[in-house]
Each structure stands twice: as C-alpha cells, then as structure tokens.
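Engineer:
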Amino acid sequence: LCRPPPRRFGVLSVDAEGVGDKVLHEWLDAGFQPEWVVYESMHNRERIEVTREYLRGRGYRYVKKLGWNHVFERIGVVAPGSDSVGLRGLLAGVHHEEEGPGAT
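Following my numbering, the numbering of the sequence shown begins with 21 at its first residue and continues without gaps.
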C-alpha cells in the first residue's frame with residue numbers, strides 16, 4: 021500500500037523557471053504546509069508582492085531575500101522532526117541581498 025505524502029514537512033523549495041507561482045499555489049492549495057518556503061520568483065507572471073500577500077494569508081512571514089530566492093517561515097508551526105533551529109541559524113548568518121556585496 022502506498023501512503024499519501026505528509027501534509028506538514030520541513031522545506032518546500034520552488035524554482036520552476038516561469039511557472040513557480042503556479043507550482044507554489046498548487047502545493048499550498050492542495051493543503052501542504054511546509055515549515056519553510058524557499059521561492060525563486062524570476063520570470064513568473066505573479067509579482068513577488070502578490071506572492072508575499074498570498075503566503076501571508078496562508079500563515080507565513082517573509083524572512084529575507086537570499087540570492088535569487090525569497091525565504092518564508094510558517095508562523096507558529098513546527099513540522100515534526102524538522103530542524104528549525106538549524107535552518108534559522110543558517111539564515112541568520114546570511115545578509116539580505118540588498119545589504120550584501122554588489123547591492124544596488
């Protein structure tokens with residue numbers, strides 16, 4: 021027997037070259053609840069401001085931009101067996117793109 025995938029898990033990373041917004045919506049609209057979302061927004065039709073508002077409505081807060089990616093954290097929910105402290109520590113050591121070298 022095949023078991024369905026877990027609805028709650030650690031990280032969903034979306035980099036889908038122009039359809040990332042659709043992929044992200046499909047996952048979250050299907051009821052999946054990753055603790056973290058790492059989302060690359062280049063070439064998508066949906067503007068990142070719209071995506072941020074969509075994720076806020078789903079219980080996520082914007083953490084930072086990391087390279088080409090936007091990082092979001094689910095508010096008040098920790099996925100079973102996840103290493104939230106480890107990921108949080110990793111993110112703490114990296115500056116926002118706007119603050120780092122080469123910022124414009």
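Note that the Cβ used here is the ideal one computed from N, Cα and C, for glycine as well.
1. When the distance is taken between beta carbons, is Ser-33 closer than 8 Å to Val-70?
2. According to DSSP, is Leu-86 part of a helix, a strand, or is it coil?
3. Give me the DSSP bridge partner(s) of Phe-29.
4. Can you tell me whether Gly-40 is buried or exposed, with buried defined as 16 or more other CB within 10 angstroms of its CB?
5. Who are the near neighbours of Glu-60 in its chain, counting only those whose CB is closer than 7 Å to its CB and skipping five residues on each side?
Structural biologist: Based on what the coordinates show:
1. In the sequence shown, the residue the question calls residue 70 occupies position 50. In the sequence shown, the residue the question calls residue 33 occupies position 13. Contact: no.
2. For this step, residue 86 is matched to residue 66 along the sequence shown. Leu-86 falls in the strand class under three-state DSSP.
3. The sequence position of residue 29 within the sequence shown is 9, counting from 1. Beta-bridge analysis with DSSP links Phe-29 to Pro-54.
4. Taking the sequence shown and counting its residues from 1, one reaches residue 40 at position 20. With 16 or more Cβ atoms within 10 Å of its Cβ, Gly-40 is classed as buried.
5. Here residue 60 is taken as the residue at index 40 of the sequence shown, counted from 1. Excluding residues within five positions, the ones whose Cβ falls inside 7 Å are Val-34, Asp-35, Gly-40, Trp-88, Asn-89.
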